[in-house]
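Peer 1: To start, I am sharing the structure in question, which I have written as structure tokens.
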Amino acid sequence: METAGALTIFERSCATKGLKYKDMLGDGDSSTYSAILESKPHGEDCIPSKLECIGHVQKRVGSRLRRLKSSNKGRKLSDGKGISGKGRLTTGKMDVLQNYYGLAIRENLDNVEEMAKAVKASLFHVASTEEYPQHHLCLKGEDSWCGYQRDSKTYKHKNGIPKPIVELVEPIFDDLADPALLKKCTHGLTQNPNECLNGIIWDRCPKTTYVEQETVALATYLAVLKFNDGDISYLKILEDLDITPGFFTCK
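Quick note on the working numbering: the sequence shown kicks off at 46 and runs consecutively.
Written out as structure tokens, the structure reads:
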């Protein structure tokens, strides 16, 4: 359904809007983009490029770390301990790494090289301990996001990540620091507004109940009104129809 909808939007843009879309913002699913490339709605001279939703790219960190943890379950690492447990690769540590990855992207939108450096720095920053600080890649200076670089004398490390686990995680961060991927994130945009609109539509027209096209269309119209202007847009529609809204409707 998403693929068909995207194709319709791209194919009718010239006729209905008088414009061509040069970019497509999407998640990691390439089926929609592949369909647009195959369709070539704007001809050979205007092939849309694929932009990545930075929210979805950020979530790849958590997904890949969870797969890594699952695939190494029960295995003894080089220090004789497993990957799970207290002081190891916990859910909390994975969340922190994912958040730092997103921060590295958002704070370096104008510089892919610095973005990649910040991605790699985030792993070693989280892995650091009092005995073994690893902040060599962190931004230096008083304005740094890294507390150690702001003031190494007063900074107190939290529980870090053992070296054997860092060695397992590092290839993932090297992969996610690929400039080809990060270049698609320099726009700084997410799909959240679109997903929010989808949620408003399906609140009015649940997918669990079969309805005809007219009902889906009406739900979409009402959702767009609320998304753009809030509930007050419904009152404006009633006024245009010469219908006086009641007390509870206005409330």
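C-beta: ideal position from N, C-alpha, C; glycine also.
Name the one or two DSSP bridge partners that Asp-68 has.
Peer 2: Paired residue(s): Ser-94.
Peer 1: Quick check on Gln-258: buried or exposed, where buried means 16 or more other Cβ atoms within 10 Å of its Cβ?
Peer 2: Gln-258 comes out exposed.
Peer 1: Below 7 Å CB to CB, which residues in the same chain sit around Ala-166 once its five sequence neighbours on both sides are set aside?
Peer 2: Here the set comprises Leu-182, Cys-183.
Peer 1: Mind the definition here: the segment 232-248 touches the segment 110-118 only if three or more C-beta pairs lie below 8 Å; say whether that holds.
Peer 2: The segment 232-248 is not in contact with the segment 110-118.
Peer 1: Mind checking which residues open and close the alpha helix (DSSP H) that includes Ile-128?
Peer 2: No alpha helix (DSSP H) contains Ile-128, which DSSP labels as neither H nor E.
Peer 1: When the Cα atoms are used, what is the spatial distance from Thr-135 to Ser-197?
Peer 2: Going by the C-alpha atoms only, they are around 26 Å apart.
Peer 1: For a quick check, are the C-beta atoms of Leu-270 and Ser-278 less than 8 Å apart?
Peer 2: Their beta carbons are under 8 Å apart, which means Leu-270 touches Ser-278 by this criterion.
Peer 1: By the 10 Å Cβ neighbour count, where 16 or more other Cβ atoms means buried, how is Pro-216 classified, buried or exposed?
Peer 2: Pro-216 is exposed by the Cβ-count criterion.
Peer 1: Candidates Tyr-193, Arg-151, Pro-207: which alpha carbon is nearest Ile-99's?
Peer 2: Looking at the Cα atoms, Arg-151 is the closest of the given residues.
Peer 1: Quick one: what's got a C-beta closer than 7 Å to Pro-290's C-beta in the same chain, skipping five residues either side?
Peer 2: Only Leu-280, Leu-283 meet the Cβ criterion.
Peer 1: Between the alpha carbons of Ile-128 and Ser-58, how many angstroms are there, rounded?
Peer 2: Their backbone Cα atoms lie some 51 Å apart in a straight line.
Peer 1: Look at the Cβ atom of Leu-142, then the Cβ atom of Ile-210, and state whether they are nearer than 8 Å.
Peer 2: No, the Cβ-Cβ distance between Leu-142 and Ile-210 is not below 8 Å.
Peer 1: Note down, one range per segment and in chain order, each alpha helix (DSSP H) of at least 4 residues found wholly within the segment 146-195.
Peer 2: The segment 146-195 contains these whole alpha helix (DSSP H) runs: 157-172, 192-195.
Peer 1: Leaving out five residues on either side along the sequence, give the residues of the same chain with a beta carbon under 6 Å from the beta carbon of Tyr-145.
Peer 2: Counting only Cβ-Cβ distances below 6 Å, and skipping sequence neighbours, we find Ser-167.
Peer 1: Jot down the residue ranges of each uninterrupted alpha helix (DSSP H) in the segment 229-272, minimum 4 residues, whole runs only, in chain order.
Peer 2: For the segment 229-272, whole alpha helix (DSSP H) runs of length 4 or above, ordered along the chain, are 237-249.
Peer 1: Using the Cβ count rule (16 or more neighbours within 10 Å means buried), how would you classify Pro-86?
Peer 2: With 16 or more other Cβ atoms within 10 Å, it is buried.
Peer 1: Cβ of Glu-97 within 8 Å of Cβ of Cys-241?
Peer 2: Going by C-beta atoms, Glu-97 is not nearer than 8 Å to Cys-241.
Peer 1: According to DSSP, is Gly-50 helix, strand or coil?
Peer 2: If DSSP states are grouped into helix, strand and coil, Gly-50 belongs with the helices.
Peer 1: If you draw a straight line from the alpha carbon of Gly-192 to that of Cys-91, how long is it in whole angstroms?
Peer 2: Answer to the nearest angstrom: the Cα atoms are 46 Å apart.
Peer 1: Going by C-alpha distance, which of Leu-148, Glu-176, Gly-132, Ser-84 is nearest Val-164?
Peer 2: It is Leu-148.
Peer 1: Please go through the same chain and pick out, in chain order, the residues whose beta-carbon is closer than 7 Å to the beta-carbon of Thr-260, but skip the five residues on each side of it.
Peer 2: The residues are Cys-250.
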